[in-house]
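Chemist: Mind having a look at this structure? Questions to follow.
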Amino acid sequence: MDKLFNSNWLIRLTALLLAVALFFYVQSENDSTRSTPSDQQADVIEDVKLEVYYDDENLIVSGLPETVNVGIEGPTPIVLREKLAKDYKVFVDLNSLLIGEHRVTIQTENFSEKLQVTLYPPAVNISIEEKVTKEFRVEPEINARQIKEGYVLKSMIVEPRYVFVTGAKSVIDSINYVKASIKAEDGITQSFEQQSNVKVLDRDLNKLDVAIQPESVKINVEIDEYNREIPLTLKQTGQLLESVTINELSLNQESVKVSGPQSVVDLLNEIVVEFDLSKLTESGDYEAKIQKLESPMKLSNEAVTIHADLTVVEEDIEEETAEVPIPDGNADEE
Numbered sequence: 091m092d093k094l095f096n097s098n099w100l101i102r103l104t105a106l107l108l109a110v111a112l113f114f115y116v117q118s119e120n121d122s123t124r125s126t127p128s129d130q131q132a133d134v135i136e137d138v139k140l141e142v143y144y145d146d147e148n149l150i151v152s153g154l155p156e157t158v159n160v161g162i163e164g165p166t167p168i169v170l171r172e173k174l175a176k177d178y179k180v181f182v183d184l185n186s187l188l189i190g191e192h193r194v195t196i197q198t199e200n201f202s203e204k205l206q207v208t209l210y211p212p213a214v215n216i217s218i219e220e221k222v223t224k225e226f227r228v229e230p231e232i233n234a235r236q237i238k239e240g241y242v243l244k245s246m247i248v249e250p251r252y253v254f255v256t257g258a259k260s261v262i263d264s265i266n267y268v269k270a271s272i273k274a275e276d277g278i279t280q281s282f283e284q285q286s287n288v289k290v291l292d293r294d295l296n297k298l299d300v301a302i303q304p305e306s307v308k309i310n311v312e313i314d315e316y317n318r319e320i321p322l323t324l325k326q327t328g329q330l331l332e333s334v335t336i337n338e339l340s341l342n343q344e345s346v347k348v349s350g351p352q353s354v355v356d357l358l359n360e361i362v363v364e365f366d367l368s369k370l371t372e373s374g375d376y377e378a379k380i381q382k383l384e385s386p387m388k389l390s391n392e393a394v395t396i397h398a399d400l401t402v403v404e405e406d407i408e409e410e411t412a413e414v415p416i417p418d419g420n421a422d423e424e
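Set out below in structure tokens:
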């Protein structure tokens, strides 16, 4: 028995058991230290408005988020009370900062001292610039493919023609376009007016973060049928009377307006006006029909006036003298 207790194996076994027991004891203590007591709670308040203090009449600040998330940890009753009461504040104070680039720490106010507060994000990079207001002319725009074939855009008038754009100086300097777009269904055939929002864009057509006054404008859109003035050509037909000589024949108009699809109207070089010369009997004005066109082309007027300057020769008329009986003076009186 003494040999057993004095053996090296017994000593080694006892040491191992003590080491294992010590390990589990220390591990248990560490876990106990890290664990949150049952009356503690951690929570996150999302989308808390970030308040900003600065000279907003003369400066523009960019880079700030509109909201932040706030993590709170502490006694459960206090955590629940903070979430319900919402009398806390999250803010940045920029009044002491100059124009330029800065990294600012987001601050909190009115949270219980018994809470551990963590902000997401805790700090942000910002840019402070001079606020600038500049006047720009508004350019209206419309998708020409929305206009029905045979119709054209005559004009677009914007009211008011100019707007005031306010923003950071660097942003104002990058403005390339100030536009108001027409939104309409396909197949436009009539004039109309529309209230449209103004867009401010850079050279790459990116929308810029600026304030616009007024934000919308009225656009008067004038739509008309496509038309062109086509020259008229007088074509003489029929036989002139032998007694009539033409000094001059002239049309009261040199051209006529033709409306219709552009692809068809643009093929016309002239339009013929036929006139029968046999109708000419004296100088004056005569009406003549304009050559009819295929549908859907239309003429502004279907007839023209022809002024004729003529010389008319009167035919010789032989006067026949009728023999009249002469009364006989020697006739017997009754």
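Using my numbering, read the sequence shown as starting at 91 and increasing by one per residue.
Backbone N, C-alpha and C fix where the C-beta goes; we use that ideal spot for every residue, glycine too.
May I ask you to list the residues that DSSP assigns as paired with Ile216?
Modeler: For Ile216, DSSP records a beta bridge to His192.
Chemist: Going by DSSP, what residues sit across from Gly257 in a beta bridge?
Modeler: Answer by DSSP bridge pairing, in chain order: Val222.
Chemist: Between which two residues does the beta strand (DSSP E) holding Arg171 run?
Modeler: Taken as a continuous stretch (DSSP letters only), Arg171 belongs to no beta strand (DSSP E), being part of the alpha helix (DSSP H) at Thr166 to Ala175.
Chemist: Can you list, in chain order, the residues of its chain whose CB lies under 6 Å from that of Lys388, leaving out five sequence neighbours each side?
Modeler: Ser349
Chemist: Locate the beta strand (DSSP E) running through Gln131, then write down its first and last residues.
Modeler: Note, Gln131: beta strand (DSSP E), Gln130 to Tyr143.
Chemist: Would you kindly check if the distance between the Cβ of Val255 and the Cβ of Ile247 is under 8 Å?
Modeler: no
Chemist: Check each candidate in Pro250, Gln280, Gln130 and Ala270 and name the one with the smallest Cα separation from Val290.
Modeler: Ala270
Chemist: Once you ignore the five residues that flank Asn215 on each side, which residues in its own chain have a CB closer than 6 Å to its CB?
Modeler: Cβ-Cβ distances below 6 Å link Asn215 to Gly153 and Arg193 in the same chain, with the five nearest sequence neighbours on each side left out; the list follows chain order.
Chemist: For Asn120, which of helix, strand or coil comes out of DSSP?
Modeler: Only weak support is given to the placement of Asn120: the predicted model assigns it a pLDDT of 49, under 50, and the value that follows is read from those uncertain coordinates. Asn120: helix per DSSP, three-state reduction.
Chemist: Considering only C-alpha positions, which residue in the set Leu298, Lys273, Pro211 and Val354 is nearest to Ser286?
Modeler: Lys273
Chemist: Quick one: residues in its chain with C-beta nearer than 7 Å to the C-beta of Arg251, no 5 flanking neighbours on either side, listed in chain order?
Modeler: Arg227 and Val228
Chemist: Verify whether the separation of the beta carbon atoms of Gln280 and Ile309 is less than 8 Å.
Modeler: no
Chemist: The alpha helix (DSSP H) that contains Val355, what's its start and end?
Modeler: Gln352 to Val355
Chemist: Any chance the region 344 to 361 sits against the region 324 to 336, with 3 or more Cβ pairs inside 8 Å?
Modeler: Touching, no, given that fewer than three Cβ pairs across the two stretches are closer than 8 Å.
Chemist: Tell me whether Leu103 is buried or exposed, calling it buried when 16 or more other Cβ atoms sit within 10 Å of its Cβ.
Modeler: exposed
Chemist: What is the DSSP secondary structure of Lys382, counted as helix, strand or coil?
Modeler: Coil.
Chemist: Between which two residues does the beta strand (DSSP E) harbouring Tyr267 extend?
Modeler: Tyr267 to Ser271
Chemist: Would you call Phe365 buried or exposed, if buried means 16 or more other Cβ atoms sit within 10 Å of its Cβ?
Modeler: buried
Chemist: Which residue or residues does DSSP assign as beta-bridge partners of Lys244?
Modeler: Its beta-bridge partners do not exist; DSSP assigns none.
Chemist: CB-CB under 7 Å to Glu409, same chain, minus the five flanking residues each way: which ones, in chain order?
Modeler: Low per-residue confidence applies at Glu409: pLDDT is 43, beneath 50, and the placement is therefore not dependable, though the value from the model is reported in the following sentence. So the list is empty, once near-sequence residues are dropped.
Chemist: For Asp375, which of helix, strand or coil comes out of DSSP?
Modeler: For Asp375, the secondary structure class from DSSP, reduced to helix, strand or coil, is strand.
Chemist: Roughly how many angstroms lie between the CA atoms of Ile237 and Lys379, to the nearest whole one?
Modeler: 33 Å
Chemist: Taking the alpha-carbon positions, what's the Ser245 to Phe282 distance?
Modeler: 11 Å
Chemist: Taking the beta strand (DSSP E) that Asn310 belongs to, which residues open and close that run?
Modeler: Asn310: member of the beta strand (DSSP E) spanning Ser306 to Glu315, first to last residue.
Chemist: Can you give me the Cβ contacts of Val222 inside the same chain, cut-off strictly under 6 Å, excluding the 5 residues immediately before and after it?
Modeler: Within the same chain, and ignoring the five residues on either side of Val222 in sequence, the residues whose Cβ sits closer than 6 Å to its Cβ are Lys259 and Ile262.
Chemist: Would you kindly work out how many angstroms separate the C-alpha atoms of Leu383 and Ser390, rounded to a whole number?
Modeler: 12 Å
Chemist: Grouping DSSP H, G and I as helix and E and B as strand, with all else coil, what is Ile232?
Modeler: coil
Chemist: Closest to Gly374 by C-alpha separation, out of Ala393, Glu392, His397 and Pro386, would be which residue?
Modeler: Here the closest residue by C-alpha is His397.
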